[in-house]
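Reading through the structure tokens given below for one structure.
Chains as they are written, first to last, in our numbering: chain A, 1 to 111; chain B, 1 to 113.
Right under this line is the structure:
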């Protein structure tokens, strides 16, 4: 079963616009991570936010975490055509390194 | 490039057959995890291996089994293949006591006919 749900499932924007993706999860977490996946390829780690953090930045990426609402958002600013991909949130809970992924948001950035 | 390599990249099997997928971890990583990703869905955790022993398992039947070798490379074996086993199988490595990102390979795309 999947811990999280991404919203929207699909998003289409013009180059230069901002893209916001949301993720909700069900159980308490140690951290939440966002990954990117180009069509049919492996996942690439984008950013990690710990449960005691509320916001984190990395380049054009901004992630927020609201543990009271069990939700996170990923903002990509000034999007580029090369940002076209699927984006997944994943939560880490308890011991070990088992990640529980959401269903993903498919982002298309039109040039 | 993450340094995690998987083979084969694509393969086709028929229902009832067995398959072995291989993964070479990133140098210095002692833990390997396997995920199944059906088309259009997020990856689902199959199991994790640490020091050659299973260290956690998701909701997958026993016909999914694995091995980790002393050099930290790993195999995923699936017996009695079913049509629903068609998916992208992803291997990821990391250091067990560093609860951070996982480093994924490019995956093995399995099609069961």
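Every residue gets a Cβ at the ideal spot worked out from N, C-alpha and C, and that includes glycine.
query, result
"Please list, in chain order, all residues of the same chain as residue 51/B whose beta carbon is under 8 Å from its beta carbon, the five residues on each side excluded.", "30 and 68"
"Secondary structure at residue 46/A, three-state DSSP: helix, strand or coil?", "strand"
"Got a sec: is the Cβ-Cβ distance from residue 116/B to anything in chain A below 8 Å?", "This structure gives no information on residue 116/B, because the portion of chain B shown stretches from 1 to 113."
"Would you say residue 54/A faces chain B, with C-beta separation under 8 Å as the test?", "no"
"Alpha carbon to alpha carbon, what distance is there between residue 37/B and residue 27/A?", "22 Å"
"Who are the near neighbours of residue 144/A in its chain, counting only those whose CB is closer than 6 Å to its CB and skipping five residues on each side?", "For residue 144/A there is no data in the structure shown, the boundaries of chain A being 1 and 111."
"On the CB-based measure, 16 or more other CB atoms within 10 Å of its CB, does residue 83/B come out buried or exposed?", "exposed"
"Measuring straight from C-alpha to C-alpha, what distance separates residue 113/B and residue 38/A?", "25 Å"
"Is there a Cβ of chain B sitting closer than 8 Å to that of residue 59/A, yes or no?", "no"
"Use the C-beta contact count for residue 27/B: other C-beta atoms within 10 angstroms, 16 or more gives buried, fewer gives exposed.", "exposed"
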